[in-house]
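Written out below as structure tokens is the structure these notes cover.
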Amino acid sequence: MGTSKQRWRISFHKSPSKHPDIPIEFICPISGSLMADPVVVSSGHTFERHCVHACKSLSFTPLLPDGSVPDFSTIIPNLALKATILNFCRSSFLDPPKPINFLTAENLVFTLMATQKAKNRFAQPETELHRVQSQISVSSEESVTPRSGPTCYSSSSASDVDNLNTSSIEEDELVGKLKSSNVSEQEEAVISFRKLTRTREDTRFGLCTPRVLSALRVLITSRYASVQVNSVAALVNLSLENRNKVKIVRSGIVPCLIDVLKSGFQESQEHVAGALFSLALDDQNKTAIGVLGALPPLLHALRSDSERTRHDSTLALYHLSLVQSNRAKLVKLGAVQALLGMVKTGHMMGRILLILCNLAVSSEGRAAMLDGGAVECFVCMLRKGEFDSESTRENCLAALYGLSHGGLRFKGLAKEAAAEELLIQVEEMGSQRAKEKARKILEVLRQKDEEEEEVDWEKLLNSDDDTSQTRISSS
Numbered sequence: 004m005g006t007s008k009q010r011w012r013i014s015f016h017k018s019p020s021k022h023p024d025i026p027i028e029f030i031c032p033i034s035g036s037l038m039a040d041p042v043v044v045s046s047g048h049t050f051e052r053h054c055v056h057a058c059k060s061l062s063f064t065p066l067l068p069d070g071s072v073p074d075f076s077t078i079i080p081n082l083a084l085k086a087t088i089l090n091f092c093r094s095s096f097l098d099p100p101k102p103i104n105f106l107t108a109e110n111l112v113f114t115l116m117a118t119q120k121a122k123n124r125f126a127q128p129e130t131e132l133h134r135v136q137s138q139i140s141v142s143s144e145e146s147v148t149p150r151s152g153p154t155c156y157s158s159s160s161a162s163d164v165d166n167l168n169t170s171s172i173e174e175d176e177l178v179g180k181l182k183s184s185n186v187s188e189q190e191e192a193v194i195s196f197r198k199l200t201r202t203r204e205d206t207r208f209g210l211c212t213p214r215v216l217s218a219l220r221v222l223i224t225s226r227y228a229s230v231q232v233n234s235v236a237a238l239v240n241l242s243l244e245n246r247n248k249v250k251i252v253r254s255g256i257v258p259c260l261i262d263v264l265k266s267g268f269q270e271s272q273e274h275v276a277g278a279l280f281s282l283a284l285d286d287q288n289k290t291a292i293g294v295l296g297a298l299p300p301l302l303h304a305l306r307s308d309s310e311r312t313r314h315d316s317t318l319a320l321y322h323l324s325l326v327q328s329n330r331a332k333l334v335k336l337g338a339v340q341a342l343l344g345m346v347k348t349g350h351m352m353g354r355i356l357l358i359l360c361n362l363a364v365s366s367e368g369r370a371a372m373l374d375g376g377a378v379e380c381f382v383c384m385l386r387k388g389e390f391d392s393e394s395t396r397e398n399c400l401a402a403l404y405g406l407s408h409g410g411l412r413f414k415g416l417a418k419e420a421a422a423e424e425l426l427i428q429v430e431e432m433g434s435q436r437a438k439e440k441a442r443k444i445l446e447v448l449r450q451k452d453e454e455e456e457e458v459d460w461e462k463l464l465n466s467d468d469d470t471s472q473t474r475i476s477s478s
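Per this note's numbering, numbering through the sequence shown is continuous, rising by one, with the last residue being 478.
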């Protein structure tokens with residue numbers, strides 16, 4: 004009996020000895036090891052924290068394998084990736100990674116500096132054979148890491164090699180044309196790439212590689228309209244594949260998209276708004292996109308002449324405002340007043356209300372909305388009933404409910420706007436969702452707090468106005 008127990012224990016420890024393939028996104032490009040404390044830098048790349056600090060300390064900017072150069076000016080924790088890595092380790096029976104100390108990181112960077120200098124000094128022209136071999140190596144690594152790869156991949160090794168060879172050859176041809184100095188060839192390549200990724204889903208994943216993204220990044224800011232438009236459109240197609248979203252942001256391409264949204268061709272701006280909306284759907288991208296500076300041009304794009312740009316910019320802002328750090332940034336940018344102004348004019352009312360619902364969740368957003376007259380605005384809208392749909396009416400109530408967490412300040416403003424009588428009517432005649440929101444707001448209004456027994460509402464409102472004015476002038 005004792006022997007069989009021992010056999011069982013040995014068998015149990017042997018089973019996880021086959022280490023699973025670690026996704027390349029989990030590996031720090033500098034240390035080459037699993038990241039314990041990943042951070043996102045301004046260019047969208049992710050590194051181990053101490054590796055970034057070491058690079059900054061030594062004033063060294065590494066050249067990454069895809070030929071891009073990271074920007075270390077801003078560093079933010081990548082909490083979503085950290086949680087994903089820990090979950091991966093747990094499910095794969097691996098020990099969680101330990102953060103490397105600064106001294107170790109500094110030694111790694113010293114080694115990398117020496118290696119990079121040597122390569123720059125003695126590098127030989129790269130042959131076509133070296134490029135193909137190098138790409139096969141990268142492709143083979145990427146093709147086996149995803150847990151749910153395309154069904155077209157065969158389990159046999161011979162078939163895998165054929166797929167990799169085909170993929171690398173196709174990629175080499177595409178990258179060669181994208182990097183051509185001839186504008187006509189560039190234009191032909193991006194148009195072909197756009198068509199290819201529009202209809203073939205497997206191509207979206209297979210050709211979303213560091214080399215292709217690096218070449219595309221340069222063309223996105225091209226001064227030639229056709230090249231710029233088709234480059235951004237091709238990127239939108241790549242972003243439709245969920246497995247590509249994080250990879251695209253980490254490639255450092257977002258700053259280029261932001262530049263185009265600010266001053267690119269109108270059709271390009273339409274595609275950029277769509278790309279940012281698509282990329283913002285992934286929770287791991289939301290904070291990084293905000294840090295990289297996408298919020299101001301997206302707010303400005305709400306006034307664009309293009310309906311498509313306005314629509315996708317609104318959706319991008321909605322998804323980005325699901326993250327607290329972006330909500331705080333939007334409040335500082337003065338988004339509340341701009342969005343309330345658009346709601347009052349009926350401009351994209353339904354979608355703008357969704358963003359305001361997100362802002363009302365945060366204390367900063369709620370305070371700015373209360374100071375900006377949001378309660379009176381929403382009550383007036385409900386009283387007039389001029390909504391384009393029942394869902395817009397429900398969103399208005401949802402935003403008002405978010406503000407109801409504003410304590411006595413909200414109660415005073417709601418009382419001044421005669422909101423209670425209106426909400427009673429909604430509770431009796433509205434849709435199920437509208438009735439539920441109205442009921443919850445009424446519960447807040449009718450709840451009596453001890454400090455509320457003897458409240459001079461006029462004095463409270465005036466004092467809050469004085470406080471808000473002081474806060475505005477001091478800022």
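Ideal placement from N, C-alpha and C gives every residue a C-beta, glycine not left out.
Straight-line CA distance for residue i to residue j?
| i | j | result |
| --- | --- | --- |
| glycine 388 | arginine 396 | 8 Å |
| serine 234 | leucine 411 | 52 Å |
| lysine 332 | leucine 298 | 8 Å |
| cysteine 399 | lysine 248 | 32 Å |
| arginine 246 | lysine 414 | 46 Å |
| leucine 97 | isoleucine 261 | 39 Å |
| serine 76 | glycine 296 | 13 Å |
| valine 447 | glutamine 327 | 24 Å |
| proline 80 | proline 100 | 16 Å |
| leucine 82 | leucine 284 | 17 Å |
| cysteine 380 | glutamine 189 | 51 Å |
| alanine 192 | alanine 237 | 11 Å |
| phenylalanine 196 | valine 275 | 17 Å |
| alanine 441 | glycine 344 | 24 Å |
| threonine 200 | phenylalanine 208 | 9 Å |
| lysine 438 | valine 339 | 26 Å |
| threonine 91 | proline 73 | As written in the sequence, residue 91 is phenylalanine, which differs from the threonine given in the question. Rounded to the nearest angstrom, the two C-alpha atoms are 26 Å apart. |
| glutamate 430 | alanine 422 | 12 Å |
| leucine 37 | isoleucine 88 | 8 Å |
| glycine 293 | leucine 67 | 23 Å |
| serine 254 | aspartate 175 | 18 Å |
| arginine 369 | valine 42 | 30 Å |
So what does DSSP say about residue i, is it helix, strand or coil?
| i | result |
| --- | --- |
| isoleucine 261 | helix |
| phenylalanine 50 | strand |
| asparagine 239 | Note that residue 239 is valine in the sequence shown here, rather than asparagine. Of the three classes helix, strand and coil, the one that applies to valine 239 here is helix, per DSSP. |
| isoleucine 358 | helix |
| lysine 213 | Inspection of the sequence shows that residue 213 is occupied by proline rather than by lysine. Of the three classes helix, strand and coil, the one that applies to proline 213 here is helix, per DSSP. |
| phenylalanine 32 | Correcting the residue type first, residue 32 is proline in the shown sequence and not phenylalanine. Coil, per DSSP. |
| isoleucine 103 | coil |
| aspartate 256 | Sequence inspection shows isoleucine at residue 256; the aspartate mentioned does not correspond to that position. Reduced to three states, the DSSP call for isoleucine 256 is coil. |
| proline 80 | strand |
| leucine 416 | helix |
| proline 68 | coil |
| proline 26 | coil |
| valine 326 | coil |
| proline 300 | helix |
| leucine 181 | helix |
| leucine 305 | coil |
| leucine 336 | coil |
| leucine 37 | strand |
Rounded to whole angstroms, how far is the Cβ of residue i from the Cβ of residue j, which I believe are closer than 8 Å?
| i | j | result |
| --- | --- | --- |
| valine 382 | leucine 425 | 6 Å |
| alanine 57 | proline 102 | Not a contact, Cβ separation roughly 13 Å. |
| leucine 385 | methionine 372 | No, leucine 385 and methionine 372 are not in contact; Cβ-Cβ is about 16 Å, not under 8 Å. |
| serine 242 | leucine 301 | Rounded, the Cβ-Cβ distance is 16 Å, inconsistent with contact. |
| valine 239 | asparagine 288 | Not quite, the Cβ-Cβ distance comes to about 15 Å (not below 8 Å), so this is no contact. |
| phenylalanine 50 | isoleucine 33 | 6 Å |
| valine 263 | glutamine 272 | 6 Å |
| glycine 70 | isoleucine 256 | With 8 Å as the limit, glycine 70 and isoleucine 256 do not qualify as a contact, their Cβ atoms being about 13 Å apart. |
| arginine 311 | alanine 304 | Arginine 311 to alanine 304, Cβ: 10 Å. No contact. |
| leucine 406 | alanine 363 | 5 Å |
For residue i, is the classification buried or exposed, using 16 other Cβ atoms within 10 angstroms of its Cβ as the cut-off for buried?
| i | result |
| --- | --- |
| arginine 226 | exposed |
| lysine 335 | exposed |
| threonine 118 | exposed |
| aspartate 315 | buried |
| histidine 53 | buried |
| glutamate 244 | buried |
| serine 151 | Caution applies to serine 151, whose pLDDT of 33 falls short of 50 and renders its modelled position unreliable; the value that the coordinates give is listed next. Its Cβ having fewer than 16 others within 10 Å, serine 151 is exposed. |
| phenylalanine 113 | exposed |
| valine 230 | buried |
| glutamate 453 | Bear in mind that a pLDDT of 46 at glutamate 453, under 50, signals an unreliable position, so the number given afterwards is only what the model happens to contain. It is exposed - the Cβ of glutamate 453 has fewer than 16 other Cβ atoms within 10 Å. |
| glutamine 9 | Residue placement at glutamine 9 is poorly supported in this model, since its pLDDT is 43, which falls under 50; the coordinates still yield a value, given next. Per the 10 Å Cβ criterion, exposed. |
| leucine 323 | buried |
| arginine 449 | exposed |
Q) Is the region 167-187 in contact with the region 212-230, if contact means three or more CB pairs nearer than 8 Å? A) Yes: at least three Cβ pairs fall under 8 Å.
(Q) Below 8 Å, how does it come out for the region 339-355 and the region 315-324: are there three or more Cβ pairs, yes or no? (A) Contact between the region 339-355 and the region 315-324 is present, because at least three Cβ pairs lie under 8 Å.
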